[in-house]
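Undergrad: I have a structure I would like to understand better, so I am pasting it below and will then ask my questions one at a time.
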Amino acid sequence: MDTIDPATRSRVMSAIHSRDTRPELLVRRHLWREGWRYRVCDRRLPGKPDIVVPRAHALVEIRGCFWHRHGWTWDGRKLVHEADCPGATTPKSNRAFWNAKFRANVRRDAAHEILWRDLGWNLIVIWTCALAPARLPSTLSWLTRTLGKWAGLAPGMPPGKAGKRESS
Ligand SMILES: [Zn+2]
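If you count the sequence shown from 1, position 52 lands on 51 in numbering that gives the first Met the number 0, and the numbers rise without skipping.
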């Protein structure tokens with residue numbers, strides 16, 4: 000049953016296979032430059048997290064503000080609005096379709112976060128609005144600072160060659 004208009008359909012389709020998107024590549028290049036080795040879309044973990052950084056026992060998720068509803072959380076029953084992000088807009092047409100879609104996405108993210116936490120992983124979520132040019136440098140330095148802390152490195156100390164990269 001196809002009840003969505005062509006514009007909506009193409010928007011949905013273009014979000015599929017969204018791996019290796021520009022925001023993700025920005026983050027991966029930075030990690031690599033800073034000496035962090037990682038795996039991409041690790042199928043051995045639930046939800047195939049975007050980036051796995053073994054040295055810091057960390058997962059890094061890059062989430063689009065629109066699809067993953069930046070500022071919204073799942074309380075176990077419904078979406079709860081906690082903060083405003085200009086990227087988390089809601090299209091005016093097909094409200095029911097979008098609401099169902101958004102609810103499913105946020106709910107799935109929340110379920111994965113619980114699984115990862117139970118498996119003992121550290122998690123960093125980077126929203127794409129934090130990768131806008133003006134915010135990019137501070138976001139990336141916060142990322143590597145946090146990984147360094149989790150890896151038990153002294154501030155400013157490079158991670159070294161521990162952990163190896165596997166192609167996706
Ligand atoms: Zn955002």
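Where is the CB? At the ideal position from N, CA and C, for every residue including glycine.
From 121, 138, 118, 120, pick the residue whose C-alpha is nearest to that of residue 127; which is it?
TA: Taking the first residue of the sequence shown as position 1, residue 127 is located at position 128. Answer by Cα proximity: 138.
Undergrad: Between residue 33 and residue 26, what straight-line distance do the alpha-carbon atoms span, to the nearest angstrom?
TA: Against the sequence shown, residue 33 aligns to sequence position 34. Against the sequence shown, residue 26 aligns to sequence position 27. Near 11 Å, if we compare the C-alpha coordinates of residue 26 and residue 33.
Undergrad: Quick one: what's got a C-beta closer than 8 Å to residue 83's C-beta in the same chain, skipping five residues either side?
TA: Working through the sequence shown from its first residue, we reach residue 83 at position 84. Within the same chain, residue 83 has close Cβ partners 70.
Undergrad: Does the region 112-126 touch the region 47-60, meaning 3 or more C-beta pairs lie closer than 8 Å?
TA: yes
Undergrad: Per DSSP, residue 122 forms a beta bridge with which residues?
TA: Walking along the sequence shown from the start, residue 122 turns up at place 123. DSSP lists 58 as partners of residue 122.
Undergrad: Can you tell me whether residue 146 is buried or exposed, with buried defined as 16 or more other CB within 10 angstroms of its CB?
TA: Here the question's residue 146 lines up with position 147 in the sequence shown. With 16 or more other Cβ atoms inside 10 Å of its own Cβ, residue 146 counts as buried.
Undergrad: Taking DSSP as the reference, what is the three-state secondary structure of residue 78?
TA: To locate residue 78, count along the sequence shown from 1; it is residue 79. Three-state result, residue 78: strand.
Undergrad: Could you pull out every residue in the same chain whose Cβ sits closer than 8 Å to the Cβ of residue 105, ignoring the five residues on either side in sequence?
TA: Counted from its first residue, the sequence shown places residue 105 at position 106. Once the five neighbours on either side are set aside, the close Cβ partners of residue 105 are 67, 68, 71, 72, 73, 78.
Undergrad: State the Cα-Cα distance for the pair residue 99 and residue 156, rounded to the nearest angstrom.
TA: Along the sequence shown, one-based indexing puts residue 99 at 100. Along the sequence shown, one-based indexing puts residue 156 at 157. The straight-line gap from Cα to Cα measures roughly 45 Å.
Undergrad: Grouping DSSP H, G and I as helix and E and B as strand, with all else coil, what is residue 161?
TA: Here residue 161 corresponds to residue number 162 of the sequence shown, with the count starting at 1. With a pLDDT of only 45 at residue 161, under 50, the local geometry of the prediction cannot be trusted, and no value is derived from it.
Undergrad: Which residues bound the alpha helix (DSSP H) around residue 145?
TA: Position 146 of the sequence shown, counted from the start, is the residue given in the question as residue 145. Going by DSSP, residue 145 is part of the alpha helix (DSSP H) stretching over 135-149.
Undergrad: Taking only three categories from DSSP, how would you classify residue 104?
TA: The residue you call residue 104 lines up with position 105 of the sequence shown. Residue 104 falls in the helix class under three-state DSSP.
Undergrad: Using a threshold of 7 Å, is the CB atom of residue 69 nearer than that to any non-hydrogen atom of ligand 1?
TA: Translated into the one-based positions of the sequence shown, residue 69 becomes position 70. The answer is yes for residue 69.
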